[in-house]
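Down below is the structure, laid out as structure tokens.
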Amino acid sequence: MSNQSADLVDRLAAALRADAADADAQLTALAARLSDAVPDAVRVDRDKAGLFSRGTGRVAAVSVALGERRWTVRRVATGIQPEVSHEVRGIRLSSEPVSMAGWTDGLARDLAALAQGSAADRAALDRLLLS
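So in numbering that gives the first Met the number 0, spot 79 of the sequence shown is number 78, and the numbers just go up one at a time.
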């Protein structure tokens, strides 16, 4: 990995970790940042809002599909649960829990690799870093 690529991975990982105060704040921030940066690759699942409540529920999970990996972090009773899955044509072949640091570093590496592909992908990552 070149120094420029390593720097990009470090900056992306720092940006992804920036909002780690609590599970709800972290998931909401991740959903916003990643949806703005790579909207076609991100799925945000929300809790159902109550019968009489207005708007949408809080973020329950955020997942990013990049190549054959799906990076998912979801809210659970004890905080957040990050995992990485190997998928081929939408079929999950394996899934493993990872630490939040491992999740952000791995996602940052995959995003940096994506940025090497095209100018549009690089612009999306710039939006992630600047948001």
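All residues carry an ideal CB built from backbone N, CA and C; glycine is no exception.
Residue i beta carbon near the ligand NAD (any heavy atom closer than 7 angstroms)
i	result
aspartate 23	With respect to small molecules bound, the structure shown includes none, and the ligand NAD cannot be examined in it.
C-alpha gap between residue i and residue j, whole angstroms
i	j	result
glycine 78	aspartate 46	15 angstroms
threonine 71	alanine 112	18 angstroms
leucine 110	tryptophan 102	12 angstroms
alanine 30	valine 61	6 angstroms
arginine 73	leucine 92	19 angstroms
alanine 20	leucine 65	In this prediction, alanine 20 scores a pLDDT of 47, lower than 50, which makes its location untrustworthy; no coordinate-derived value is stated.
aspartate 23	arginine 126	22 angstroms
glutamate 82	valine 97	5 angstroms
leucine 33	valine 41	7 angstroms
valine 58	glutamine 80	13 angstroms
glycine 116	alanine 76	38 angstroms
Residues that residue i bridges to, as DSSP identifies them
i	result
valine 37	For valine 37, which the question treats as bridged, DSSP gives no partner whatsoever.
arginine 42	Ser62
glycine 78	Val75
glutamate 67	Paired residue(s): none; glutamate 67 is not in a bridge.
valine 83	Trp70 and Glu95
Reduced DSSP secondary structure (H/G/I, E/B, other) of residue i
i	result
glycine 116	coil
arginine 126	helix
Residues near residue i in its chain [Cβ-Cβ closer than 8 angstroms; skip 5 each side]
i	result
glutamate 67	His85, Glu86 and Val87
Residues near residue i in its chain [Cβ-Cβ closer than 6 angstroms; skip 5 each side]
i	result
methionine 99	Pro81
threonine 27	Val58
Contact set for residue i: own chain, Cβ-Cβ below 7 angstroms, skip 5 residues either direction
i	result
glutamate 95	Glu82 and Val83
aspartate 44	Ala59 and Ala60
glycine 56	Arg45, Asp46, Lys47 and Ala48
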